[in-house]
Every structure is written in structure tokens, then in C-alpha cells.
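One structure is given below, encoded as C-alpha cells.
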Amino acid sequence: MKKILLLLSLFTFSFSYSQDWKLLFETESETYYYKPNTSETAWIKTISEKQRNIEKGVEKLDAYEITLWKFDCDSKKLGVISSSIYSKDGKVLDSLKIKETVMNCISPESIREKLLKVFCETK
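Under mature numbering (1 follows the signal peptide of the UniProt record, and there is no 0), the letters of the sequence shown match residues -18 to -1, 1 to 105, in that order.
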């Protein structure tokens, strides 16, 4: 009986852990995931299927980016607080921390508009 309870608790933990990131949407070259942070911020994970040209041909960029966004639902603006790019194996390739977040207007029918819509609807 103890083994069954242990297995159930491990399954529940792993299931809840894997559910931290919610799939938002996909484009031709990127997949976007969402993870709430505070009442004004959320993490967005972007997994890229982009490729770049190199001397020997084409190289797939096996990387993902995690960005902390600040949202203002009333004024329909958002801004980047911090962002990090990771290799496929989780190594930090680049990192950016903004001292003062600049809130920007959003272009209609853009990825940022989709992000704002999801954030404001789930608040």
C-alpha cells in the first residue's frame, strides 16, 4: 500500500511540475509557452526552430529563450524585464536584464498582441 501511495505522489508531483509551462501557440518557426509570475508579469518561453546560414551550409539553432514580460492591460502595453537564451542542454548563451522597463505600444495582429491578450484574459 505504501508503494502505491508513493508512486501516486511521485506521479502527481511530476505531472504538476510538467504543467508549469502552458502552450500558447505555434508559428512556422517558433513555439510559445506561458508561465504566470505576478499580477503584472509572466514568463514566456520561446522555442525556436530557426536556422542560420553558415559557411558549410545551414545550421539549426537548437536554443530557447525565456523572457520575463511586464504587462499593462489597461493601456495595452508591455515591456521586457529580463531575458535569457539557453542552449538545448540548458547552458546560458546570452542574458539581458533591463534596469528600467520601457512599456511599449503593441502592433495589431502581432505576437506581442497575442501575449498581451493571453495574459490579460487569464488575470
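Beta carbons are placed, not taken as given, at the ideal position from N, Cα and C, and that holds for glycine.
Nothing here was measured: the structure is a model prediction, and the numbers come from that model.
For residue 23, the enclosing beta strand (DSSP E) has its first and last residue at 23 to 30. Rounded to the nearest whole angstrom, the C-alpha separation of residue 74 and residue 45 is 10 Å.
Per the coordinates, the alpha-carbon of residue 26 lies some 19 Å from the alpha-carbon of residue 81.
The C-beta of residue 52 has 16 or more other C-beta atoms within 10 Å across all chains shown, which makes the residue buried.
Setting aside the 5 residues that flank it on each side, residue 100 is surrounded in the same chain by 6, 16, each with a C-beta closer than 7 Å to its C-beta; the list follows chain order. Annotation for residue 100: the continuous alpha helix (DSSP H) segment containing it runs 93 to 104.
In this structure, residue 57 lies away from residue 78, with their beta-carbon atoms at least 8 Å apart.
Residue environment for residue 28: buried (at least 16 other C-beta atoms within 10 angstroms of its C-beta). Our two residues, residue 8 and residue 85, have alpha carbons roughly 25 Å apart in a direct line.
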